[in-house]
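If you count the sequence shown from 1, position 50 lands on 50 in the UniProt record's numbering, and the numbers rise without skipping.
Every residue gets a Cβ at the ideal spot worked out from N, C-alpha and C, and that includes glycine.
Predicted model only: the values in this text are computed from it and were never measured.
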Amino acid sequence: MLTGKQKRFLRALGHGLKPVIQVGKSDVSEALIKETVEALASHELIKVKVLESCLMDRHSVAEELCAACEAELAQVLGRTLLLYKQAKEPKLELPKGK
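What follows is the structure, encoded as structure tokens:
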């Protein structure tokens with residue numbers, strides 16, 4: 001579970017990122033989950049764009065993706081999600097929580 005300080009740190013890092021995953025009409029499918037897991041493994045921190053054509057609510061998409069990928073949700077801003085999952089060999093060093 002991320003602390004508030006860690007979420008702020010990740011949001012600051014994620015500000016300049018471009019979305020690498022897009023959720024469209026097919027909602028959260030097995031292929032989308034697999035692609036998200038691979039992206040998280042290589043980047044640790046990714047942006048996910050929920051397109052207008054997606055029938056699911058953006059918060060539902062965030063919950064399902066986080067549960068399926070075992071990732072943490074750092075932010076939901078508009079139709080953009082920021083997901084974090086620590087890699088086996090971490091590239092990002094998060095601030096220590098209390």
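Next on the checklist: Using the Cβ count rule (16 or more neighbours within 10 Å means buried), how would you classify threonine 36?
Outcome noted: Indexing the sequence shown from 1 puts residue 36 at position 36. Its Cβ being crowded by 16 or more others within 10 Å, threonine 36 is buried.
Checklist entry - Just how far apart, CA to CA, sit serine 26 and lysine 34? => result As a working mapping, residue 26 is identified with position 26 in the sequence shown. As a working mapping, residue 34 is identified with position 34 in the sequence shown. Rounded to the nearest angstrom, the two C-alpha atoms are 14 angstroms apart.
Item to check | Classification of alanine 12 by the beta-carbon crowding that lies within 10 angstroms, buried from 16 upward | outcome: As a working mapping, residue 12 is identified with position 12 in the sequence shown. The residue is exposed, with fewer than 16 neighbouring Cβ atoms inside 10 Å.
Checklist entry - For valine 50, which residues from the same chain have a beta carbon less than 6 angstroms from its beta carbon, with the 5 sequence-adjacent residues on both sides left out? => result To locate residue 50, count along the sequence shown from 1; it is residue 50. For valine 50, where only same-chain residues beyond five positions count, the Cβ hits under 6 angstroms are Val23, Arg58, Val61 and Arg79.
Checklist entry - For proline 90, which of Ala31, Ala71, His43 and Glu72 has the nearest alpha-carbon? => result Taking the first residue of the sequence shown as position 1, residue 90 is located at position 90. Cα-wise, what sits closest to proline 90 is His43.
Item to check | Cut-off 8 angstroms between Cβ atoms - residues of its own chain near leucine 55, not counting five sequence neighbours on either side | outcome: The residue you call residue 55 lines up with position 55 of the sequence shown. For leucine 55, where only same-chain residues beyond five positions count, the Cβ hits under 8 angstroms are Lys25 and Asp27.
Item to check | Helix, strand or coil at threonine 80 according to DSSP, with G and I counted as helix | outcome: Residue numbering aside, residue 80 sits at position 80 when the sequence shown is read from its first letter. Of the three classes helix, strand and coil, the one that applies to threonine 80 here is strand, per DSSP.
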